[in-house]
Amino acid sequence: MDGGGGLAGSAQLVLAAGVHHLDPQSAVFEGMLSGWALQQRTRCLKSATITSRLRLVRPG
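Counting along the sequence shown from 1, when you hit position 10 you're at 29 in this note's numbering, and nothing is skipped either side.
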């Protein structure tokens with residue numbers, strides 16, 4: 020996975036390198052959400068706003 024790894028919110032920034040996940044799709048998705056939440060925090064959005072947005076995209 021080359022290119023884009025240094026972008027803010029990239030899943031590569033929150034996933035440990037060299038780790039083989041039992042459920043890689045879920046790990047990458049959660050990494051993406053963590054990066055997205057971090058982007059929103061750096062824009063000084065309120066925790067309630069971030070939480071409600073994460074609830075919208077998180078399955079089940």
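Beta carbons are placed, not taken as given, at the ideal position from N, Cα and C, and that holds for glycine.
Predicted model, so just to flag it, every value in this text is computed and none were measured.
Three-state class that DSSP yields for A67 in the structure shown: To locate residue 67, count along the sequence shown from 1; it is residue 48. If DSSP states are grouped into helix, strand and coil, A67 belongs with the helices.
Where V76 sits in the DSSP three-state scheme: One-based indexing of the sequence shown puts residue 76 at position 57. Of the three classes helix, strand and coil, the one that applies to V76 here is helix, per DSSP.
Span separating the alpha-carbon of A46 from that of H40: Indexing the sequence shown from 1 puts residue 46 at position 27. Indexing the sequence shown from 1 puts residue 40 at position 21. C-alpha separation (whole angstroms): 7 Å.
V76 to Q58 span [Cα, whole Å]: Here the question's residue 76 lines up with position 57 in the sequence shown. Here the question's residue 58 lines up with position 39 in the sequence shown. Near 16 Å, if we compare the C-alpha coordinates of Q58 and V76.
V47 - DSSP class collapsed to helix/strand/coil: Here residue 47 is taken as the residue at index 28 of the sequence shown, counted from 1. DSSP places V47 in helix when its eight states are reduced to three.
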